[in-house]
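Note that numbering that gives the first Met the number 0 numbers the sequence shown so that position 556 is 555, with each residue one more than the last.
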Amino acid sequence: MKSTLTLVVWLLLPLATFAQILKPVTWSYKPAKSTAKVGEIIELRFTANIQTGYHIYSSEVNPKIDGPLPTVIKLTPNKSFELIGKVKPESKVETKYEEVFEGDTYLMHGAAQFSQRIKILSDKPVLEGNVDYQVCTDKDGQCIPGNEDFTITGLTVTAPTTATVALASTPTATSVVTKPTSETAVAAATPTPALTATETAKAEESSVKETVKIQDLSLDKTKNASDDSLGGFLLAAFLSGLVALLTPCVFPIIPATVSFFTNQQGGMWKAFLYGAFIIGIYVLIGTVVSRFNGPAFANFVSTHWLPNLIFFATFFIFGLSFLGLFEIVLPNSLINNADARSEKGGIVGIFFMAFTLVLVSFSCTGPIVGSLLVASAGGEVVKPILGMAAFSSAFAVPFTLFAAFPQWMKSLPRSGGWLNSVKVVLGFIELALALKFLSIADQVYHWHLLDREVFLAIWIVIFALVGFYFLGKLRLPHDSEVKFISVQKLLLAIATFSFVVYMIPGLWGAPLKALSGYLPPETSQDFNLHGQISTSGQQSASLAGSGPIRHADLFHLPHGLQGFFDYKQALAYSKKVNKPVFIDFTGHGCVNCREMEARVWSDPAVLSRLQNDFVVLALYVDDKTDLPESEWYTSTYDQKVKKSIGAQNADLQITKYNNNAQPHYCLVNSKGELLVAPKNYDRDVANFVAFLDSGKAKF
0 MKSTLTLVVW
10 LLLPLATFAQ
20 ILKPVTWSYK
30 PAKSTAKVGE
40 IIELRFTANI
50 QTGYHIYSSE
60 VNPKIDGPLP
70 TVIKLTPNKS
80 FELIGKVKPE
90 SKVETKYEEV
100 FEGDTYLMHG
110 AAQFSQRIKI
120 LSDKPVLEGN
130 VDYQVCTDKD
140 GQCIPGNEDF
150 TITGLTVTAP
160 TTATVALAST
170 PTATSVVTKP
180 TSETAVAAAT
190 PTPALTATET
200 AKAEESSVKE
210 TVKIQDLSLD
220 KTKNASDDSL
230 GGFLLAAFLS
240 GLVALLTPCV
250 FPIIPATVSF
260 FTNQQGGMWK
270 AFLYGAFIIG
280 IYVLIGTVVS
290 RFNGPAFANF
300 VSTHWLPNLI
310 FFATFFIFGL
320 SFLGLFEIVL
330 PNSLINNADA
340 RSEKGGIVGI
350 FFMAFTLVLV
360 SFSCTGPIVG
370 SLLVASAGGE
380 VVKPILGMAA
390 FSSAFAVPFT
400 LFAAFPQWMK
410 SLPRSGGWLN
420 SVKVVLGFIE
430 LALALKFLSI
440 ADQVYHWHLL
450 DREVFLAIWI
460 VIFALVGFYF
470 LGKLRLPHDS
480 EVKFISVQKL
490 LLAIATFSFV
500 VYMIPGLWGA
510 PLKALSGYLP
520 PETSQDFNLH
530 GQISTSGQQS
540 ASLAGSGPIR
550 HADLFHLPHG
560 LQGFFDYKQA
570 LAYSKKVNKP
580 VFIDFTGHGC
590 VNCREMEARV
600 WSDPAVLSRL
610 QNDFVVLALY
620 VDDKTDLPES
630 EWYTSTYDQK
640 VKKSIGAQNA
650 DLQITKYNNN
660 AQPHYCLVNS
670 KGELLVAPKN
680 YDRDVANFVA
690 FLDSGKAKF
């Protein structure tokens with residue numbers, strides 16, 4: 000009897016799960032008014048009644064991120080109406096920072112309402128369409144795609160008059176869709192629901208949800224630590240401001256500036272105003288930069304060769320400037336003019352004093368500020384603004400504090416050669432960071448200029464030079480002669496050489512997990528002593544009975560895994576060997592993807608499962624390799640022709656699996672149907688093992 004009950008529970012458990020998945024949202028559709036005339040513009044209303052503890056995403060998207068699936072309401076075009084504008088959210092939209100998307104998302108709870116204006120062109124309008132959405136739990140972020148057709152009734156239209164008959168023959172507008180703003184956020188040409196019709200019907204009929212505790216098969220614990228990415232960036236910006244104070248352009252002028260305020264009446268409030276103006280000027284710079292972060296800019300920055308080469312050149316030039324090859328300076332006339340205005344006194348004079356400081360210090364602070372702006376360029380609109388506020392706060396606060404407490408000035412160290420040492424070390428770091436941008440372009444376009452061992456060799460040399468610089472064995476143009484090495488420099492040299500020693504085994508294939516997000520993938524390495532990494536030309540061109548693996552010359556799986564890079568080929572092989580498919584939606588420039596491969600996939604418990612229990616499929620969404628013209632197609636979602644491997648993979652991800660973030664992992668059967676809810680970035684090995692096991696059990 001006990002075994003019989005167990006069997007019944009296991010048979011009904013999937014039905015209970017899917018019943019829960021499909022019930023959090025119910026939709027209603029109606030016109031705003033019941034009567035209208037031909038030629039009149041009316042409003043259609045769409046309401047999603049969302050259960051407590053769940054949310055959907057607004058129809059409007061954040062253009063700075065490849066975010067979650069928005070709510071997409073499409074009216075099927077016909078000659079009986081014309082769309083006016085686009086779908087708009089009418090009820091409250093909440094903004095929430097989500098780490099997995101590295102930006103703000105727009106959530107809706109309760110009764111989420113949307114509207115669409117149309118122009119009536121016929122006395123018998125046909126108002127049919129489809130709504131696509133994604134419903135997620137507030138507790139752990141588990142998301143389920145939703146899709147349903149609708150027909151709007153209850154509208155009586157007056158017969159057309161002579162004056163309005165002509166309207167019926169006007170061209171109809173295509174359905175307005177809120178489009179994701181990057182190629183990685185477009186839909187596939189042949190959308191397929193995540194659940195089959197049979198499963199849906201069974202789920203709706205099942206009453207097990209009332210009696211059986213539903214198991215969370217996905218185990219998807221998406222992080223909600225909103226401060227991780229932005230908080231880390233702001234901390235880096237603040238520390239950069241402190242470093243900027245220690246450069247030769249800024250540190251020597253602190254005493255002179257502070258003494259100006261301490262020797263006059265009202266010096267305290269003037270000093271605070273001076274600091275506020277410094278912050279305001281830098282925040283203005285960040286505001287201007289944020290205005291240029293238009294739609295699709297984040298994806299353009301992350302994958303296209305042009306911005307990555309520009310950023311590489313920017314970091315490289317700034318690095319050479321810090322090393323003393325040349326100075327980046329503004330015209331003297333601009334600085335002299337600002338300085339002359341600062342002598343007028345009053346609030347205007349204090350403002351121009353702050354402006355003069357910014358201009359004079361540009362040759363030292365410019366590279367640091369430029370680096371921060373580059374780092375935030377692919378982020379959110381507010382990121383450059385907040386970054387400049389954090390940087391300038393660290394930059395301005397000391398001036399204000401020393402003016403308020405002049406006795407602290409006695410504790411300041413004297414200017415000297417150490418100031419230039421700070422600048423030189425920053426120059427080396429700038430050169431090292433420049434390689435990351437060149438590496439991204441190199442991977443996306445398969446130039447093979449900067450494979451992993453080449454990247455590592457350059458970093459090893461750069462940081463070895465930093466170590467020798469700390470030891471006084473290397474002198475650059477503006478350095479003073481070093482007669483002895485301080486204990487502080489000795490400790491810095493030890494730390495630097497330790498880092499160099501850590502990197503050296505990577506030349507022979509050591510994983511270097513601490514740097515996994517910054518280095519090119521291990522699969523780009525030509526020589527590996529471990530013999531685990533399948534590198535260029537060495538990965539098996541076929542699996543038993545699979546035939547030649549498509550795109551095996553372009554892509555490689557880590558840790559010696561054998562698998563596929565073409566969706567249809569992987570599904571066909573899955574059916575043949577009767578194994579579920581592990582789909583890895585990834586990207587060349589995806590830092591989190593490399594971290595997952597290095598820290599999670601490498602774990603024996605995960606790796607053994609991927610090797611033995613699944614057909615592994617890696618789909619790169621940012622690859623620019625063009626396919627033969629015979630394989631091109633026009634997406635039914637955004638009506639764009641998908642020509643490249645990356646564009647088609649991204650198209651597949653957003654439509655069939657309702658997500659456009661990377662990494663994104665799906666466990667599917669040989670028909671491409673989801674077995675369990677997908678998983679995103681999660682470095683918890685136990686969670687990932689449970690995710691794989693649940694998919695295998697469901698299969």
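A virtual CB, placed ideally from N, CA and C, is assigned to each residue, including glycine.
This structure is a prediction, so every number in the text was calculated from the model and none was measured.
Check                                                                                                                                                                                                    : Outcome
Which whole runs of the beta strand (DSSP E) in the segment 580-604 are 3 residues long or more, in chain order?                                                                                         : 580-585
Could you give the DSSP three-state label for residue 390: helix, strand or coil?                                                                                                                        : helix
Any idea what DSSP makes of residue 695, helix, strand or coil?                                                                                                                                          : helix
Of all the options 657, 631 and 635, which has the alpha carbon lying nearest to the alpha carbon of residue 645?                                                                                        : 631
Please report the residue range of the alpha helix (DSSP H) in which residue 671 lies.                                                                                                                   : First-last for residue 671: undefined, no H or E at that position.
What did DSSP end up calling residue 682 once you bin it into helix, strand or coil?                                                                                                                     : coil
Which residues does DSSP pair with residue 30 in a beta bridge?                                                                                                                                          : 43
Going by C-alpha to C-alpha distance, which of 603, 629, 594 and 566 sits closest to residue 662?                                                                                                        : 594
Identify the continuous alpha helix (DSSP H) that holds residue 492 and give its terminal residues.                                                                                                      : 486-502
Name the one or two DSSP bridge partners that residue 54 has.                                                                                                                                            : 135
Apart from the five residues on each side of it in sequence, which residues of its chain come closer than 7 angstroms, Cβ to Cβ, to residue 696?                                                         : none
When you compare the segment 226-244 with the segment 381-397, are there three or more beta-carbon pairs, one atom per stretch, that lie closer than 8 angstroms?                                        : yes
Could you tell me if residue 526 is buried or exposed, where buried requires 16 or more neighbouring beta carbons within 10 angstroms of its beta carbon?                                                : exposed
Who are the near neighbours of residue 389 in its chain, counting only those whose CB is closer than 6 angstroms to its CB and skipping five residues on each side?                                      : 233, 236 and 237
Check for me: the alpha helix (DSSP H) holding residue 320 runs from which residue to which?                                                                                                             : 304-322
Less than 8 angstroms between C-beta atoms, sequence neighbours within five positions excluded: which residues of the same chain meet that for residue 473?                                              : 464 and 467
For residue 519, I'd like the list of residues in its chain whose CB is within less than 8 angstroms of its CB, leaving aside the five on either flank, ordered along the chain.                         : 438, 441, 442, 449, 450, 451 and 454
For residue 685, which residues from the same chain have a beta carbon less than 7 angstroms from its beta carbon, with the 5 sequence-adjacent residues on both sides left out?                         : none
Along the alpha helix (DSSP H) that carries residue 464, what are the first and last residues, could you check?                                                                                          : 451-469
Below 8 angstroms between beta carbons: does that hold for residue 494 and residue 562?                                                                                                                  : no
Tell me the DSSP secondary structure of residue 151 in three-state form.                                                                                                                                 : coil
State whether the segment 668-676 contacts the segment 569-577, with contact taken as three or more CB pairs (one from each stretch) at a distance under 8 angstroms.                                    : yes
Give the single residue among 88, 423 and 25 whose Cα lies nearest to the Cα of residue 321.                                                                                                             : 423
Do the segment 617-629 and the segment 644-658 make contact, defined as three or more Cβ pairs closer than 8 angstroms?                                                                                  : yes
Where do the N-terminal and C-terminal ends of the beta strand (DSSP E) with residue 110 fall, by residue?                                                                                               : 110-119
Identify, in the order they occur along the chain, each residue of the same chain with its Cβ nearer than 7 angstroms to the Cβ of residue 560, setting aside the five sequence neighbours on each side. : 609, 610 and 615
According to the neighbour-count rule (16 or more other Cβ atoms, all chains shown, within 10 Å of its Cβ), is residue 194 buried or exposed?                                                            : Note that residue 194 has pLDDT 43, beneath the 50 cutoff, so the model's placement of it is unreliable and no number is given.
To the nearest angstrom, how far is it from the Cα of residue 93 to the Cα of residue 86?                                                                                                                : 17 angstroms
Cα separation between residue 479 and residue 426?                                                                                                                                                       : 17 angstroms
For residue 382, which three-state DSSP category applies?                                                                                                                                                : helix
Is residue 349 closer than 8 angstroms to residue 282 when the C-beta atoms are compared?                                                                                                                : no
Answer yes or no: do residue 58 and residue 113 have a C-beta to C-beta separation smaller than 8 angstroms?                                                                                             : yes
For the pair the segment 68-79 and the segment 124-137, tell me if three or more CB-CB distances fall below 8 angstroms.                                                                                 : yes
Under 8 angstroms Cβ to Cβ from residue 604, same chain only, skipping five residues before and after it: list those, please.                                                                            : 684 and 688
Could you check whether residue 469 and residue 488 sit closer than 8 angstroms to each other, using their CB atoms as the reference points?                                                             : yes
Please classify residue 200 as buried or exposed, where buried requires at least 16 other C-beta atoms within 10 Å of its C-beta.                                                                        : Caution applies to residue 200, whose pLDDT of 39 falls short of 50 and renders its modelled position unreliable; the model cannot decide the point.
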